[in-house]
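Okay, structure first, notes after.
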Amino acid sequence: MKTLRWTTLNATEIDPLVVPFNVDGTINEELETEEDNIQPEPLLTTVLEETEVVFKVCEEGTKKGKPLLVGSDGFRYFQKKTQKKSVFWSCSVTSAKCRCYASVIQKGNVFASGPQQHSHQPETALLNKVRISVQVKPVINPTIV
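So this is what it looks like as structure tokens:
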């Protein structure tokens, strides 16, 4: 911590363009700076453990009754492309304001995240929201089933 000592001098003794001055015309000049030897506080380090993301495929998870992939990390994906041995899933955030290019590749029961990171925040309790939605759809509109 720095301690400043100030002395007040007459305006005619020092050039006012070089030294800060008060409204009453007196000039402040910094004479000496002292530093106290205060030890800095140690930085707190928090290690976030990466947990494995668990994916669940909801067969009729979208509004149109198509498959929806839901991750335990709070992100959802729509089925973009299906091949013989793999399925390509793209992030379902595709609005004009926020286009997310994150993806997941599914080979059998193995899911691997694509190279792009999400450009938005995850949804909280997403898996529960999708489960409730899937259960409520047939009750609200029986023609969907």
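For the sequence shown, this note's numbering assigns the number 1 to the initial residue and increments by one for each residue that follows. Using N, Cα and C, we set each Cβ at its ideal position, and we do this for glycine too.
When Cβ pairs closer than 8 Å are counted between the two stretches, the region 123-136 is seen not to touch the region 88-104, the count staying below three.
For S95, the three-state secondary structure derived from DSSP is coil.
Around the beta carbon of Q106, 16 or more other beta carbons lie within 10 angstroms, which makes this residue buried. By the CB criterion at 7 Å, V70 and V110 fall outside the cutoff. Bounds of the beta strand (DSSP E) holding A112 are V110 to S113. Around the beta carbon of G65, fewer than 16 other beta carbons lie within 10 angstroms, which makes this residue exposed.
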